[in-house]
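Read through the structure below, which is laid out as structure tokens, and then see the notes.
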Amino acid sequence: MSSELLVDVAAGVAVLTLNRPAQQNAVTPTMAAELSAALRRCDLEDAIRAVVITGTAPAFCAGADLSARAGEVSATLDPPPWQVRKPVIAAVNGHAVGIGLALALQCDLRYFADDAVYGLSQVRRGVLADGYAHWTVPRLAGLANAADIMLTGRTFDGDEAKSMGLANASLPAGEVLPTAMAVAHDIATGPAPLPVALTKRLIWQSLGMTTPTMVGQLETELNAHVAKSVDGGEAMAAFKERRAPKWSGSISAEWPAGDAVTERPGLD
């Protein structure tokens, strides 16, 4: 890894820090490639239970490096954060525009600085928003809000992002990373890894399912699979013995296969 992305793994949490502070962490092809590699590692290593993506202060990510040609830098990562089998949390500690905001919206949980500037402003520069923004924004914020911010390219603050559903919380900038880290450590030490991974996958994939019956059937099938897992047995033992469970299962070894929810495009 070069200095454009800092990777720190400790106590079950991987912190991936965009690190071009002099350029407000603007994305380069090198940074995008390194972030893809880091996310792939987070997906595969069982010791990593949660992931936090943040930026070296004062910005989160000011978008694509403008020294590159339009369209040369993309937030189409391989894998994108929603395909990683661990919860990915965006600690958006400062300004996030264009690709920077699109990256945050690919994450499962998003904590925004209340006084920072956010926007998908690409239409004002003669291009379209990318990084799956046309998929994530309507689902997170609804069609009306998506049309508002994407057709105008206007900017907004953290409080408005929260009101639209783009952020889980709008916080003072200094509280964003500590809040994200507290949530990540809670995930890393509390719930069982395999059910968390399958819950994440089902949440994202269910958006494309046409009937609740399909979701209900998959919930039943996946719960049956989890019940046979190492941690499924531990959960029952801990309940009977009235103690806290000690999870030791492996997402990589116990990941089911054979349906649309558990397939991993781009990772196999």
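Heads up: the sequence shown runs through residues 392 to 659, numbered per the working numbering.
A virtual CB, placed ideally from N, CA and C, is assigned to each residue, including glycine.
> Should Met627 go down as buried or exposed, given a rule of 16 or more other Cβ atoms within 10 Å for buried?
Replying inline: Translated into the one-based positions of the sequence shown, residue 627 becomes position 236. Exposed is the call here.
>> Using the Cβ count rule (16 or more neighbours within 10 Å means buried), how would you classify Ala651?
In response: Working through the sequence shown from its first residue, we reach residue 651 at position 260. Summary for Ala651: the model assigns pLDDT 48, below 50, so the residue's position carries little reliability; its value from the coordinates is reported in the next sentence. Result: exposed.
> Ordered along the chain, which non-local residues of its own chain (more than five positions away) have a Cβ less than 7 Å from that of Arg655?
Replying inline: Locating residue 655 in the sequence shown gives position 264, where the first residue counts as 1. For Arg655, the predicted structure reports a pLDDT of 46, less than 50, and the residue's modelled location is therefore unreliable. A value from the coordinates is still provided. Excluding sequence neighbours, Arg655 sits near Gln474.
> From what residue to what residue does the alpha helix (DSSP H) around Val617 run?
Replying inline: Taking the first residue of the sequence shown as position 1, residue 617 is located at position 226. Run containing Val617: Pro603 to Ala618, per the alpha helix (DSSP H) assignment.
>> Here's the rule I'm using: 16 or more other beta-carbon atoms within 10 Å means buried, otherwise exposed. How should Pro672 be labelled?
In response: This structure leaves residue 672 out entirely; the chain is present only between 392 and 659.
> Which residue comes first and which comes last in the beta strand (DSSP E) that contains Gly446?
Replying inline: Counting from one through the sequence shown, the residue named residue 446 turns up at place 55. Start and end: Ala441 to Gly446.
>> Does Ser561 come out as helix, strand or coil in the three-state DSSP assignment?
In response: To locate residue 561, count along the sequence shown from 1; it is residue 170. Of the three classes helix, strand and coil, the one that applies to Ser561 here is strand, per DSSP.
> Residues in its own chain within less than 6 Å of Lys661 by CB, not counting five upstream and five downstream?
Replying inline: Residue 661 is absent from the model: the chain starts at 392 and stops at 659.
>> Please classify Glu425 as buried or exposed, where buried requires at least 16 other C-beta atoms within 10 Å of its C-beta.
In response: On the sequence shown, position 34 is the one that residue 425 refers to. So Glu425 counts as buried.
> In or out: Thr445 buried (at least 16 other Cβ within 10 Å) or exposed?
Replying inline: The count along the sequence shown starts at 1 and reaches residue 445 at position 54. Classification of Thr445: buried, given that the 10 Å Cβ count is 16 or more.
>> Do Ala417 and Asp456 have their beta-carbon atoms positioned less than 8 Å apart in this structure?
In response: One-based indexing of the sequence shown puts residue 456 at position 65. One-based indexing of the sequence shown puts residue 417 at position 26. A contact, by the Cβ cut-off of 8 Å.
> DSSP state of Arg501, grouped into three classes?
Replying inline: Position 110 of the sequence shown, counting from 1, holds the residue named residue 501. Reduced to three states, the DSSP call for Arg501 is strand.
>> Could you check whether the stretch 570-578 touches the stretch 475-482, counting it as contact only if at least three pairs of C-beta atoms, one from each stretch, sit closer than 8 Å?
In response: yes
>> Three Cβ pairs or more, each shorter than 8 Å: is that satisfied between the stretch 397-416 and the stretch 431-443?
In response: yes
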